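Protein chains in written order, with the working numbering: chain A, 8 to 407; chain B, 19 to 302; chain C, 92 to 660.
One structure is given below, encoded as structure tokens.
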Amino acid sequence: MKIDRRRALAAGGALLSAMALPGVLRAQGKPIRIGSTLPLTGPLASLAIIHKVTAEICVENLNKRGGLLGRPVEWVLRDDQSKPELTRTLYEQLITADTVDLIQSPYATASILAAMGVAQRYNKVLLHTSFGIPKLAKYDMQFQTAGSPFDPENVWPNHIFDAAAKLPKPPKTIAIVTSKFPSVHAISVGAREVMKKRGLTEVLHLEYEFGNRDYGAIASRVKEANPDFLWGGTNGIDPMLMLEAMKKIGYRPPAQAHLFPAPGPMLKLPEAQGALALTTFESHAPFTDDPVIAQFVKTYGERAQQAGIPYTSVDLQSAIMYASWQVLESAVTATKSLDDKTIGAWLKKNEVKTLFGTLRWNGPQNYVEGADLYKVKQLQQGKWVVVHPTQWAAPGAKLT
Amino acid sequence: MPSATLLGQSVLSGVFIGALYGLLGLGLSLSWGMLRQVNLAHFALAFLGAYVTFQLAAVAKIDPFVTLAIVAPAFFVLGMALHWFFLRFSVTLLNTLLVTFGITSIIEAGIQWYWTADFHRMENAYAAVRWKLGPLFLALTDVITLGFALALALGAWAVLRFTDLGKAIRATTEDAPIAAAFGVNEKLLGFLVSGFAASVAAVAGLCLALNHTLAPVQIYAWMGVVFAAVMMGGLGRPIGPLVAGIVIGVSEAVTMAVTNPTWAPLVSFSLLIVILLLRPARFS
Amino acid sequence: MKTALAVCAVVLCAVPFVGLPAFYESFLYLLLSAIVLATSWNLLSGYSGYFSFGHGAFFGVGVYTTAALAGKLGWPFLWTLPLAALAATVLGVALGAVVFRVRALRGELFALLSLAITFVLSTIALNTVDGGPGIQVMVDMPKIAPTASGVLYLLMLAAAALTLWTAYAMYHSRFGTGLFAIHDDEDVAEVMGVPTYRFKLAAFAISCALAGLAGGIHAIFVSYVTVAETFSIALAVNVVLMSALGGTRHWLGPAVGAIAITMLLYAFTSGNAAVVGRALSGLILIVVIVAMPAGILGQILKRFRREPPARPRPEAILTDLHHAKKSGEPLLVVRGVAKAFKGVQALAGVDLDIRRGEILGLVGPNGSGKSTLINVVSGHYAVDRGSIRFEGEELVGTPAHRIARAGIARTYQIPRPFQQLTVLQNIALRPMFGQVVMDRASAEAEAWRWLEFTNLADKAYRYPGELNLHQRKFLELARALASRPRLLFLDEVLSGLTPAEMDGALRLIRAIRDQGATIVFVEHVMRAVMEVTDRVAVLTYGRAIAEGAPAEVMRHPDVVSAYLGAAHV
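What follows is the structure, given as structure tokens:
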């Protein structure tokens, strides 16, 4: 049969163009390298593993969807051993020696500041997840992906006291116990101001050194002060230690809030039930209404289990890391560019819808003053559920 | 001015944490004072014991005290192995610090690899039990810790003071060649002391698991204060770290009861400094 | 050697201008910082043996001084660096001035104190300067290099050069030798003339100053300081590790260890192997230190140590030690000296005259107080009461090293040489700190003379542990003689010697006296006492009961009964 040349050419052309169709099913070409560090060893390692598992899922999903700009994404991760001086050096390595295309966030304020300095010197955009003191972020092209307000010392106490006001017995007397860990301390300082404005009475104010081992005296003093509400300016394992110390002396605060507790250990402690805390995301509706997010939650649960992480729900830490990759993807896709200046300019003028709300950066120092994406969650019968504000609350959830 | 109950409860709290310092310090003090080995890895070993206890209790559902019957002998052997290693390579005092630091890194990495860096809390029925002594509360797990600390410290002291074994150990510590001339088997005693120190770490680990939430980073959190208690209490003196630990714990607790808790370490360590400067001869 | 050094210096300074990625500058910064911290720690702790666990405290003081001045008050940060060093020094001197005065405070106690200081300072910093939120240090860099990392690298390079030069200078000076002597036996060093208090304080001050300087620069490097980060115990432990790994006895040892450990730290920063990496680095550490117990540098030096060529025999012994003044008048006058030790009255009121140019035998039963008398005269112990006048000057209350300077020397009954110094260094120590202070070179020349005199010349570069008892006793003797003392106490130098060796020793003793020294000769060997002494004094129960010509004294009834009980003659 005589093959019609024109038809063959047309068929061949169609085949070729189908193969060249940008990344619907296949990312190809030189990988885009995105570099960051995490404290995989050292005191902050317990948080890093959550970020690592999350980011790995994000990069995988990204590549499944065709990567960025049609190219596969490669994540270059290094261990900063929880040391800011190492973070600085490693980011310089990533940028100047490894010549990565873009950089991503390390963990916690000190390391982020170290990375920010490097980013500033090389005019790189820095998206960051876990920066605790917004006023210190003075670099023009830094963008937070946690939904933090510019003035958390004002906004967050208000969130918590708004939620507290909805409790069956709204508190009037408050005991403040705060660690001197930089970020949470600042919030507690702000809380005292907020309390005054709301007409709440401070019956006790205690500060303790981060790393304190003995909470016996603190527990006794709170018990003696007999407050309606315990404000815990605490993070990590401190709330647990404090509550266990209180348990030993037969005391249980009528109501309490802790800023950023490690979610897992408190689940089974009776004295912790009813505690309020801050979060951006919890693994229930309406957050999981989006099937993509629901799938992520499921995948994360499996991976976390494989990795041996005790707490396998997606919550604050995982979500802020997930959001950072959502923002990265949106910005790069929208600008069709890997140029930091372009990306930075775009972020300032636009917003990105993330798994816990819409992020924008059009306020002072790329934050937004007075508004944020944080919510208040409560530990109810061994599960953390968002209770405030109501549009994000789990269906039927009430403050108990 | 804080109430008597508050002060009393705080003092108790200080005593209990001091007991834990003493328990952690006992093994360290014995191997440092008697064997001239600074065993930094003692902390890592204690936490390893805590994790293993946790694992056996949480997963195999064995009662934590029963786990001690498994862990303590196992650690005794580990302690002997460590001593063998030091003997085999004639490791000097300063170098034992290096070697045990290396061992600490290895154990810490092992713990993190198996249990991750995230927090683990051993659930146990004992945590809920507490008693009332007048207006003061006593938690069972605390009392257990204090009990162990006292028993082991006093027991070790008694053995050293009154038994032939103890005298032999003290003789070897003071002058090994002469003691050997009198028929004392230095090697065997070294193994005994080393093994005992490691099993004390196992007991400390049990108490840690009962009372605290575990994370690998905490291996380092206790180092500073326990070292201070050990040096303060006099190397090789079993009761020393306990007493010193309680002094530190109580002074910190009382500070926290009376003023802003953030000043606590200042008070306890200044107190330490003052005591040392005024009565140094007591501690050499 | 000098040219190699100059080339090195040029290469190192040129690094920021070569256009390397900034990462290398930062990594080198970390390396240099480790070198500064480890080397400065070693200046006190390695050299003198006073282990400090508080190096982090002084580093932290430097960090916070710069952070507060440059970060909070906006001072130009280069000016804050000397202040950072100064603040750390002042603190160190204040601590040292109190601590080093207390004689019983050795070893672990100093370590404990320095550890406690870290906690104290960290709490103070947290609640005052820092207040909680940490301090952000955003400053303008002076334009001495193209990149910010380059500037910091150069600053730390300067600090490292300063530190290494200081370590080198100290190591080769009498200051360093004195510190090493303190390390081995502080009491003996003091009696040999080393001003131990001053030296320890000076070493501590220098060590703190350098740590503070490194801290000040570090505040800029991290640009945000928090108390938890700065005052962690990690730094205190790391400097010990680095110094031990490299070798604490050599000025360059800690630097070698610092480089090794920093590279080890860095080798495992890949994201995939973080945890395994930590285990591996621990394993490597263990293997290295087991294979090289003297430290990396220490081991290398041991392997390649060459015996320096033996010195040409110097000319014959000098003819006299001193201008022989009129002999016969009292040189040392002891009146009513008493000393008790926890209820045992060792000296119960001793009266004794020692005349210039004589050999006085000091005898008595065991426990009569002979060694104690030597110890109080030389300043090893303080007297409870009494007076000791040497050439008219009161010695009671004078620190031992000044007594040594005045010209009094003694040997120890059980030889106490400095174990980690060579025989030559042991002997050379005395002249370095003696009446006429000599520098190291002249002191060694002087030492050679006495090595000849005591026939130890071929053992000059050996360590005391390699000598037999006879040689060690002669080492004691040479050590005592090397400072050309006016008054020499020999504490049972003959015990354990064979008769032939004894004769040789007695000849030596006469020769020493003939050169102008006055000798007090404590002995049990009666024949030697009778042979060589001019006069004899007898001590029993802490009292001098007889003094005079040998034959007379030994027949004195009190003396006979002291030795033999009631006279049966």
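Every residue gets a Cβ at the ideal spot worked out from N, C-alpha and C, and that includes glycine.
The structure presented is a predicted model; accordingly, all values stated were derived computationally and were not measured.
- When secondary structure is reduced to three states using DSSP, F142 of chain C falls in the coil class, being assigned neither helix nor strand.
- Below the 8 Å Cβ cutoff, chain C contributes no neighbours of K356 of chain A, its closest Cβ being approximately 27 Å away.
- Comparing alpha carbon positions, the residue from C:I600, C:I636, C:D530 and C:R563 closest to V620 of chain C is C:I600.
- K173 of chain A sits in coil when the DSSP states are folded into three classes, being neither helix nor strand.
- Bounds of the alpha helix (DSSP H) holding G51 of chain B are A22 to L53.
- If only uninterrupted beta strand (DSSP E) runs of at least 3 residues are considered, those enclosed by the region 246–330 of chain A are 263–268 and 283–286.
- For Q127 of chain A, the secondary structure class from DSSP, reduced to helix, strand or coil, is helix.
- In the structure shown, V80 of chain A adopts extended strand secondary structure according to DSSP, grouped into three states.
- Counting only the Cα atoms, S155 of chain A lies some 17 Å from W332 of chain A.
- In this structure, DSSP gives R228 of chain A a helical state, which the three-state scheme calls helix.
- Listed in chain order, the alpha helix (DSSP H) elements of length 4 or more contained wholly in the region 311–336 of chain C are 318–321.
- Counted as a single uninterrupted DSSP element, the alpha helix (DSSP H) harbouring P259 of chain B occupies residues I257 to V276.
- A contact is defined here as three or more CB-CB pairs under 8 Å, and the region 543–559 of chain C meets this definition with respect to the region 499–517 of chain C.
- In the DSSP assignment, L133 of chain A is bridged to A:I110 and A:Q149.
- Chain-ordered, the chain B residues with CB closer than 7 Å to the CB of L213 of chain A read N278 and P279.
- A contact is defined here as three or more CB-CB pairs under 8 Å, and the region 216–224 of chain A meets this definition with respect to the region 184–195 of chain A.
- Annotated three-state conformation of Q504 of chain C is coil, per DSSP.
- Close partners of I324 of chain C in chain B (Cβ separation under 8 Å): Y238, M241 and G242.
- Contact with chain C is found for E216 of chain A, since one of that chain's Cβ atoms lies less than 8 Å from the residue's Cβ.
- Residue pairing by DSSP places S478 of chain C opposite C:R426 in a beta bridge.
- Distance from the CA of P259 of chain B to the CA of G45 of chain B, rounded to the nearest whole angstrom, comes to 10 Å.
- For P91 of chain A, a Cβ of chain C is located within less than 8 Å of the residue's own Cβ.
- The beta-carbon distance between D87 of chain A and T44 of chain A, rounded to whole angstroms, is 4 Å. This is short enough to meet the 8 Å contact definition.
- G223 of chain A belongs to the set of residues whose beta carbon lies under 8 Å from a beta carbon in chain B.
- Distance from C299 of chain C to L203 of chain C at the Cβ level is roughly 18 Å; contact not present, criterion being Cβ atoms closer than 8 Å.
- The residue among C:A548, C:I215 and C:W166 with its C-alpha nearest the C-alpha of S286 of chain B is C:I215.
- A straight-line Cα-Cα distance of about 22 Å links N218 of chain C and I311 of chain C.
- DSSP places R601 of chain C outside any beta strand (DSSP E); the residue lies instead in the alpha helix (DSSP H), whose first and last residues are P590 to D605.
- DSSP places L101 of chain A in no beta strand (DSSP E); its state is neither H nor E.
- For L203 of chain C, the nearest beta carbon of chain B is closer than 8 Å to its own beta carbon.
- Two segments are said to touch when three or more pairs of C-beta atoms, one from each, lie closer than 8 Å; by this definition the region 177–191 of chain C does not touch the region 363–376 of chain C.
- Going by DSSP, A635 of chain C is part of no alpha helix (DSSP H) but of the beta strand (DSSP E) stretching over R634 to G639.
- Residue ranges of uninterrupted alpha helix (DSSP H) with 4 or more members, entirely inside the region 175–249 of chain C and ordered along the chain, are 198–216.
- By the C-beta density criterion, S21 of chain B is exposed, having fewer than 16 other C-beta atoms within 10 angstroms.
- Put simply, the CB of S31 of chain B is near chain A, with a gap under 8 Å to one of its CB atoms.
- Within chain B, no C-beta atom comes less than 8 Å from the C-beta of T287 of chain C; the nearest is roughly 16 Å away.
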